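The next block holds one structure in the form of structure tokens; read it before the comments.
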Ligand code: DC
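Dropping the structure here:
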């Protein structure tokens, strides 16, 4: 019997990961944050002094890099060459680097293959940008979660400030950072962020998380 694979795509700050985690918990299945894998690859490049935009220098690094994710006590841990880097990949520099490095097709091919292997072996909810269009396009369960850029910036800022970060960044600056990342993610040539015609649209601008989670769950047949 094929495994239950659920794809939740959308731009940064729309609430995808919160919704995906809650859906996975409710169904008692695995949750995979695919963005963390791009972040780990970006960290790898930055540590090596390589610009994540520089494909010619990223490619040799990619060949010798191993990235995998593992669920420990219900929480995803992301490993870079065996080192748990989960606590190091949420900085603004890594966010930008991940978006840049994700433009390189070979990076995407490699990480998508790891993600597909997980989908072939287990029931899983994956969140990302092109899960429904490129990683597991055969799944009948595709969702596109979005919200206005103003609302996404407001949420991201609140989240980061709660952690004591970004205290000197304004709402406007956050909005333009998010808009720039949307642009990079949705205009790249290979597997861009886009809503598939068969993906259910969930706009969380004025919707709370429990309602969005119910909207996803109501469409899943086991
Ligand atoms: O979801 P996130 O903010 O952690 O993702 C960081 C970047 O990684 C995002 O700007 C684009 C890239 N990404 C991607 O291209 N495909 C994915 N499935 C997940 C993330």
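Residue numbers (the working numbering): 1 to 222.
Where is the CB? At the ideal position from N, CA and C, for every residue including glycine.
Every value quoted in this text rests on a predicted model; they were computed, and no experiment measured them.
For residue i and residue j, I'd like the C-alpha separation in whole angstroms.
i	j	result
residue 32	residue 111	12 angstroms
residue 194	residue 186	6 angstroms
residue 155	residue 62	33 angstroms
residue 70	residue 37	11 angstroms
residue 130	residue 20	15 angstroms
residue 101	residue 207	32 angstroms
residue 180	residue 2	38 angstroms
residue 148	residue 170	17 angstroms
residue 86	residue 212	27 angstroms
residue 52	residue 41	9 angstroms
residue 106	residue 178	25 angstroms
residue 166	residue 157	7 angstroms
Following a CB-centred definition, is residue i positioned closer than 7 angstroms to any heavy atom of ligand 1?
i	result
residue 39	yes
residue 186	no
residue 34	yes
residue 49	no
residue 136	no
residue 128	yes
residue 181	yes
residue 99	yes
residue 176	no
residue 69	no
residue 95	yes
residue 131	yes
residue 102	yes
residue 12	yes
Can we count residue i as close to ligand 3, meaning its CB is less than 7 angstroms from some heavy atom?
i	result
residue 110	The model on display carries ligand 1 but not ligand 3.
Would residue i pass as a contact of residue j if the rule is Cβ separation under 8 angstroms?
i	j	result
residue 159	residue 205	no
residue 201	residue 144	yes
residue 94	residue 161	no
residue 215	residue 13	no
residue 146	residue 10	yes
residue 209	residue 18	yes
Sort the options by Cα distance to residue i and report the nearest one.
i	options	result
residue 183	99, 30, 84	99
residue 22	49, 74, 67	74
residue 197	157, 218, 141	141
residue 15	28, 30, 128	128
residue 25	125, 133, 81	125
residue 60	173, 104, 164	104
residue 164	191, 91, 116, 119	91
residue 65	45, 222, 190	45
residue 108	121, 84, 55	55
residue 47	174, 113, 97	97
Which complete alpha helix (DSSP H) runs does the stretch 54-99 hold, if anything under 4 residues is left out? Counting whole runs of 4 or more residues, the stretch 54-99 contains the alpha helix (DSSP H) stretches 55-63.
Just list the alpha helix (DSSP H) runs in the stretch 89-173, keeping only unbroken ones of 4 residues or longer that don't cross its boundaries, in chain order. Listed in chain order, the complete alpha helix (DSSP H) runs (minimum 4 residues) inside the stretch 89-173 are 92-101, 105-121, 149-162.
Give the list of continuous beta strand (DSSP E) stretches no shorter than 3 residues that lie fully inside the stretch 186-211. Taken in chain order, the whole beta strand (DSSP E) runs of length 3 or more contained in the stretch 186-211 are 200-203.
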